[in-house]
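Numbering (my numbering), first residue to last: 219 to 776.
All remarks here apply to the structure that follows.
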Amino acid sequence: MKSFKLFKKISFLANLGLIGTLGLGLQSCNDLLTENVVSRIGNDYINTAKGLNDATSAAYSTMRSWYGTERGMNLTIFGTDTYTNGADGSWKFMNTYTTDFDTRNGLLAEVWGDFYQGINTCNAIIERSVAVTGLTESVKKQRIAEAKFIRAHHYFIFTQLFGGVDLRLTETLAPTKVVKRSTVAEQYAQIIKDLNEAIPDLENKSRSAEYGRATRAAAEHLLGRVYLTKATSTAKASDDYAKAIVNFKNVIANYGLTLLPNFADVHKQGNEMNNEVIWSIQYTRDPLTNAGGNNAHVFFGMEYDVLPGMQRDTENGRPFKRYKPTNYTLDVVFNNRENDSRYKKTFKDTYLSNKPGTYNTSFDLTKKSVTFALGDTAIFLPGYEMSEAERAKKKYQVLVPSRYDERIFPAINKHFDGGRVDRTQFEGGRDFIAFRLADTYLMLAEAQYFSGLKADAAANYNMIRRRAAWPGKENEMMVKADDLTLDFVMEERERELLGEQSRWLDLARWGNLIDRVKKFNPQAAPFIKAHHVLRPIPQLQIDRADGTSTGFPQNGGY
């Protein structure tokens with residue numbers, strides 16, 4: 219199957235004036251569209267068949283500003299109930315919500331600028347496609363549909379992060395200061411319109427012939443999530459959950475998607491193109507075509523590389539030790555380890571020695587020294603308080619929960635990237651799975667739960683839980699309608715989706731971000747305030763707007 223990859227040659231768009239409003243022209247150092255322009259292609263290039271195709275590729279490339287990046291990860295993992303900060307000194311204020319998290323935040327500015335570049339490219343595709351010749355009508359319609367999918371996606375992320383933004387639906391050919399904040403209701407109406415118009419003209423399958431392009435399944439999954447999120451917003455309507463249910467059911471029933479039998483295989487390296495994946499963001503191993511790469515592999519690792527018997531390698535990752543699971547995650551979300559395999563299959567519990575020798579122990583003082591041959595177990599995390607007597611019998615160090623700190627803690631294994639060229643490479647090459655079928659089931663069950671259809675919701679949760687069960691434990695994993703509570707809904711999502719760029723958006727959707735962070739994230743609890751349910755508008759945007767803060771008001775509290 220041909221894979222649809224995004225190449226630097228499409229950075230011609232940087233020369234077309236497709237930058238958006240003056241305040242929206244913020245550039246990211248990792249922005250694929252602005253690096254190494256290889257030719258001075260004129261503004262009319264997009265009016266050709268090849269130009270329109272390349273412009274669509276360029277629009278897709280802006281997804282790389284969000285998925286698997288420091289920006290997207292910090293904005294969705296940090297500052298939640300399930301992750302807090304590790305020892306990494308970078309961006310801790312995005313977890314703790316201290317006053318350093320302000321309008322000058324560089325990551326927000328980069329997402330803002332990159333997404334508006336993508337939106338403006340989509341606007342150009344939609345408008346200019348009418349005059350393009352040399353493409354069949356079906357291909358042209360598909361490119362327009364893809365542009366509407368991307369535009370809807372970007373505005374949906376914006377709406378969740380910022381509330382009202384500049385809803386720009388026509389191509390901006392030159393910088394302008396004329397901008398205004400639209401309403402959340404206006405944005406949802408446009409997002410839904412774009413997706414409904416896109417769905418009929420996208421490929422009617424679960425996976426595009428050019429892997430990475432959006433399909434009807436991807437658009438229906440996204441539309442379902444839009445309705446699910448809108449249902450608790452200021453723009454909510456009484457039929458939002460019902461419409462979400464229809465879209466999720468379509469994804470499950472119509473495209474041949476299936477849950478993999480083994481949860482561990484969903485994120486297994488080399489298996490990114492599997493039957494559970496609805497849509498993923500394409501990365502490569504070629505440094506010339508990979509922009510900043512998929513960086514998710516660095517953020518969740520513990521500091522294994524300075525411990526006895528270990529040194530940094532590609533298999534175990536470059537450990538930024540940035541995200542540390544909260545006690546709530548380990549003790550509550552993943553408490554049913556006897557029946558549910560997802561703790562074992564989510565967290566790395568064994569490190570094999572890659573630096574043989576004899577060492578003094580560091581954290582496990584039940585023995586004075588340890589000796590390792592190559593490949594011996596050097597570190598084991600049992601996930602419970604193994605007794606000192608039992609630990610003393612082991613030839614390796616045992617890391618128990620009471621010894622976890624900001625440097626050593628359970629690392630999730632979903633994002634490890636052993637294919638990097640060396641142990642320091644930051645730019646990973648694995649595709650990032652953005653939409654998958656298990657999430658469709660979870661969101662369908664959530665919509666049914668909030669609609670009072672608890673029996674239907676339980677049946678769909680059980681689809682996920684049956685797959686998660688240890689062999690022979692399926693019955694113990696089944697839930698009934700009476701078992702469902704909001705706590706169950708929230709915890710089941712993290713059992714399945716931990717570390718997959720969902721949690722902050724979920725808490726914002728449920729309206730309990732502040733309460734949950736205060737309850738379960740002690741580093742953030744003293745500082746988070748009511749206004750943190752929205753992110754600050756980048757200051758540069760406000761400064762460059764007509765009327766500055768009067769013409770483009772900042773979100774309250776910043």
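No residue lacks a Cβ here, since even glycine has one placed at the ideal position from N, Cα and C.
Computed from a predicted model, the values in this text were never measured in an experiment.
Alpha carbons only, please: which of the options is nearest the one belonging to residue i?
i, options, result
"Lys-395", "Asp-761, Gln-487 and Tyr-776", "Asp-761"
"Tyr-546", "Thr-339, Met-708, Tyr-569 and Leu-592", "Met-708"
"Phe-653", "Gly-637, Arg-625 and Ile-499", "Ile-499"
"Lys-398", "Ala-763, Lys-454 and Asn-773", "Ala-763"
"Tyr-659", "Glu-710, Lys-632, Ser-283 and Thr-584", "Glu-710"
"Gly-269", "Ala-342, Asn-739, Pro-628 and Phe-770", "Ala-342"
"Thr-287", "Lys-586, Tyr-501 and Thr-354", "Tyr-501"
"Thr-321", "Ser-720, Arg-753, Thr-768 and Gly-769", "Arg-753"
"Trp-309", "Phe-565, Thr-300 and Arg-289", "Arg-289"
"Thr-595", "Asn-512, Ala-676 and Lys-573", "Lys-573"
"Asn-493", "Ser-605, Leu-655, Asn-303 and Asn-261", "Leu-655"
"Leu-440", "Glu-428, Leu-379 and Ala-462", "Ala-462"
"Asn-449", "Glu-664, Asn-693, Gly-690 and His-749", "Note on residue identity: the sequence assigns Ala, not Asn, to residue 449. When each option's Cα is compared against that of Ala-449, the closest is Glu-664."
"Gly-430", "Pro-526, Tyr-614, Met-281 and Trp-688", "Met-281"
"Phe-380", "Lys-411, Glu-355, Trp-330 and Asn-338", "Trp-330"
Can you name the start and end residues of the beta strand (DSSP E) that residue i belongs to?
i, result
"Tyr-301", "301–303"
"Val-444", "No beta strand (DSSP E) contains Val-444, which is instead part of the alpha helix (DSSP H) from 434–448."
"Tyr-541", "541–543"
"Asn-313", "Run containing Asn-313: none in the beta strand (DSSP E); it sits in the alpha helix (DSSP H), 311–314."
Report the three-state DSSP secondary structure of residue i (helix, strand or coil).
i, result
"Pro-689", "coil"
"Leu-758", "helix"
"Phe-668", "helix"
"Leu-570", "strand"
"Ser-246", "Any reading at Ser-246 needs caution, since the residue's pLDDT is 33, under 50, leaving its predicted position unreliable; the model's value is listed next. The answer is coil: DSSP assigns Ser-246 none of H, G, I, E or B."
"Phe-319", "coil"
"Ala-591", "coil"
"Ser-498", "strand"
"Glu-712", "helix"
"Ala-652", "strand"
"Tyr-285", "coil"
"Ala-629", "strand"
Quick one: using the 10 Å Cβ neighbour count with 16 as the cut-off for buried, is residue i buried or exposed?
i, result
"Thr-294", "buried"
"Arg-540", "buried"
"Asp-249", "Per-residue confidence for Asp-249 stands at a pLDDT of 31, beneath the threshold of 50, marking its modelled position as unreliable; the derived number appears in the next sentence. So Asp-249 counts as buried."
"Val-469", "buried"
"Gln-529", "exposed"
"Val-349", "Position check: residue 349 holds Ala in this sequence, whereas Val was assumed. Result: exposed."
"Tyr-373", "buried"
"Asp-549", "exposed"
"Pro-479", "exposed"
"Pro-537", "buried"
"Asp-705", "exposed"
"Lys-632", "buried"
"Arg-555", "exposed"
"Glu-694", "exposed"
"Ala-610", "exposed"
"Asn-553", "exposed"
"Lys-411", "exposed"
Alpha helix (DSSP H) containing residue i: first to last residue?
i, result
"Arg-346", "324–346"
"Lys-563", "560–564"
"Trp-177", "Outside the shown range of the chain (219 to 776) lies residue 177, about which nothing can therefore be said."
"Ile-295", "Ile-295 -> no alpha helix (DSSP H), and no H or E assigned at all."
"Tyr-406", "402–416"
"Gly-269", "267–279"
"Tyr-577", "Careful: Tyr-577 lies outside any alpha helix (DSSP H), inside the beta strand (DSSP E) at 575–578."
"Val-357", "355–380"
"Arg-734", "731–738"
"Asn-512", "First-last for Asn-512: undefined, no H or E at that position."
"Glu-608", "606–610"
Can you give the Cα-Cα distance for residue i and residue j, rounded to whole angstroms?
i, j, result
"Ser-618", "Ala-305", "Contrary to the premise, residue 618 reads as Val rather than Ser in this sequence. About 18 Å."
"Glu-521", "Lys-562", "20 Å"
"Glu-264", "Arg-369", "The sequence given here has Ile at residue 264, not Glu. Cα to Cα, the separation comes out at about 18 Å."
"Leu-475", "Gly-324", "38 Å"
"Phe-311", "Ile-746", "11 Å"
"Arg-625", "Thr-314", "18 Å"
"Thr-401", "Tyr-278", "26 Å"
"Gln-487", "Asn-730", "34 Å"
"Ser-426", "Thr-433", "6 Å"
"Ala-699", "Gly-717", "28 Å"
"Tyr-406", "Asp-384", "13 Å"
"Ala-276", "Ile-496", "21 Å"
"Leu-326", "Pro-756", "7 Å"
"Tyr-614", "Asp-635", "25 Å"
"Phe-581", "Arg-734", "31 Å"
"Thr-568", "Val-524", "15 Å"
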